[in-house]
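Asker: I'd like to ask you about the structure that follows.
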Amino acid sequence: IDLYEDVEFVDLGLPSGLLWSSKYRIDEEGTPLYLTYEEAAALDIPTEEQFFELVNCCKWEHIMGYVDRGGYSYKQTVGKYCEGDNGEYIKFDDKGMKYIGSGFVPQGIRFWIRDDEDDAEKKSVYIDYQLSEGTPIVKIEKVDAAKAIIPLMLVRKK
């Protein structure tokens, strides 16, 4: 799969001029593509600084949807829209992450960010379900780079 094929980059009017992919990179079936850090690092993934520019310069809104768990259907946050000052937006779906050999871990919105430290754990973004005065609650978390597979967001300079 060509990881740049059909990627739509969006200008959110950020001070840096950075463009973000409009949503997670998807596979041939239309589901988010989960990659190891090594696979993602060969591509144009965002840095921590670029991510915090996005957090601080955009307006964030919940995407609500119905989730079926154990025979019960209830409404909850299933993602977030991130809107720039220019009215353009990108979408983050709640797709969690996976660990090779153990399945899906439903841990909110996640994607890899660039991590140049030479260790076995690499940085990923975690965006919580909550918003605090319109700003997402976020964490930069290190996860096992050899076992975790996480969705992919791409960036590109204008």
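End of the sequence shown sits at 171 in this note's numbering; the numbers just go up one at a time, nothing left out.
Just so it is clear, CB atoms sit at the ideal spot from N, CA and C, and this is done for glycine as well.
Quick caveat: nothing in here was measured; it's all calculated off a predicted structure.
Just checking, does the stretch 132 to 152 make contact with the stretch 60 to 80 on the three C-beta pairs under 8 Å criterion?
Answerer: yes
Asker: Please state the DSSP three-state secondary structure of residue 54.
Answerer: What you label residue 54 is simply residue 41 of the sequence shown in a count that begins at 1. Helix.
Asker: What did DSSP end up calling residue 68 once you bin it into helix, strand or coil?
Answerer: Position 55 of the sequence shown, counting from 1, holds the residue named residue 68. Of the three classes helix, strand and coil, the one that applies to residue 68 here is helix, per DSSP.
Asker: Could you tell me which residues DSSP pairs with residue 89 in its beta bridges?
Answerer: Here the question's residue 89 lines up with position 76 in the sequence shown. Paired residue(s): 78.
Asker: Have a look at residue 91 and residue 81 and give me their C-alpha separation to the nearest angstrom.
Answerer: Indexing the sequence shown from 1 puts residue 91 at position 78. Indexing the sequence shown from 1 puts residue 81 at position 68. For residue 91 and residue 81, the distance between alpha carbons rounds to 12 Å.
Asker: In terms of alpha-carbon separation, which member of 36, 157, 54 lies closest to residue 95?
Answerer: Translated into positions along the sequence shown, residue 95 becomes position 82. Checked all of 36, 157, 54; the closest Cα to residue 95 is 36.
Asker: Measuring straight from C-alpha to C-alpha, what distance separates residue 107 and residue 122?
Answerer: Working through the sequence shown from its first residue, we reach residue 107 at position 94. Working through the sequence shown from its first residue, we reach residue 122 at position 109. Between residue 107 and residue 122, the C-alpha separation is close to 4 Å.
Asker: Hey, could you find the ends of the beta strand (DSSP E) residue 110 is sitting in?
Answerer: Start at 1 with the first residue of the sequence shown, and residue 110 comes out as number 97. Residue 110 -> beta strand (DSSP E) spans 110 to 112.
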